[in-house]
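Trainee:
In the numbering used here, the protein residues as written are 323 to 497.
Okay, here's the thing in structure tokens:
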């Protein structure tokens with residue numbers, strides 16, 4: 323009986339806290355939105371297809387810029403062309419993106435240098451070439467709307483005076 327009364331008391335105090343709404347609470351919850359425009363990402367499918375969780379943040383950030391870029395707002399864009407090309411550059415890479423008249427990404431050619439390959443790629447290389455080191459690396463992504471995206475690491479491995487150039491996909495398959 324004592325436990326039941328105690329439980330009811332605790333429950334009663336808990337519910338009282340939820341039932342007390344002050345004027346300050348009402349003001350904090352009230353939000354007026356004027357002239358708000360919500361625009362979906364037109365290039366969401368591009369973004370989902372090219373992004374890899376294992377790639378560095380700076381690669382993902384540039385890919386996000388391509389997806390969010392509204393080419394129709396560009397002062398040089400007039401809509402008369404079937405395709406409009408924009409180059410996005412940063413220190414270690416660049417993306418050449420082609421947009422259609424509606425602002426959708428129809429193709430990209432992406433190249434990034436000094437990208438640490440994901441573990442699956444490194445493991446494949448180290449299994450095939452033990453005691454070799456990755457000397458140079460380039461990450462390339464090729465996107466064409468409606469086609470499979472190609473994501474390839476071009477690596478140069480070295481050991482002593484030997485060197486080999488190897489292409490590997492993101493899963494670690496040697497091409």
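Ideal Cβ placement from N, Cα and C applies to all residues, glycine included.
Taking all protein chains shown into account, do 16 or more other C-beta atoms lie within 10 angstroms of the C-beta of residue 366, making it buried, or fewer, making it exposed?
Mentor: With fewer than 16 Cβ atoms within 10 Å of its Cβ, residue 366 is classed as exposed.
Trainee: Are three or more beta carbon pairs between the segment 445 to 454 and the segment 463 to 473 nearer than 8 Å?
Mentor: Touching, no, given that fewer than three Cβ pairs across the two stretches are closer than 8 Å.
Trainee: Report, in whole angstroms, the separation of the C-beta atoms of residue 376 and residue 440, which I expect to be a contact under 8 Å.
Mentor: Confirmed, about 4 Å.
Trainee: Starting from the Cα of residue 431, find the closest Cα among 442, 408, 422, 445 and give me that residue.
Mentor: For the residues 442, 408, 422, 445, the minimum Cα distance to residue 431 belongs to 408.
Trainee: Which class does residue 373 belong to by DSSP, given the choice of helix, strand or coil?
Mentor: Looking at residue 373 - three-state DSSP - the assignment turns out to be coil, as it is neither helix nor strand.
Trainee: Hey, quick one: how far does the alpha helix (DSSP H) through residue 469 stretch, first residue to last?
Mentor: Element bounds for residue 469: n/a, residue is neither H nor E.
Trainee: Using the beta-carbon count (16 or more within 10 Å), is residue 417 buried or exposed?
Mentor: Looking at its Cβ environment, which holds 16 or more other Cβ atoms inside 10 Å, residue 417 is buried.
Trainee: If I follow the unbroken beta strand (DSSP E) through residue 419, where does it start and stop?
Mentor: Unbroken beta strand (DSSP E) run through residue 419: 415 to 421.
Trainee: Would you kindly report the start and end of the unbroken beta strand (DSSP E) that includes residue 447?
Mentor: Where residue 447 is concerned, there is no enclosing beta strand (DSSP E), although the alpha helix (DSSP H) it sits in stretches over 441 to 450.
Trainee: Does DSSP classify residue 386 as helix, strand or coil?
Mentor: Here residue 386 sits in helix by DSSP.
Trainee: Comparing alpha-carbon positions, which option in 464, 423, 455 lies nearest residue 403?
Mentor: With distances taken between Cα atoms, residue 403 lies closest to 423.
Trainee: Going by C-alpha to C-alpha distance, which of 445, 466, 412, 433 sits closest to residue 476?
Mentor: Cα-wise, what sits closest to residue 476 is 433.
Trainee: Compute the distance between the beta-carbons of residue 490 and residue 443, then report whether it is under 8 Å.
Mentor: The answer is yes: Cβ separation under 8 Å.
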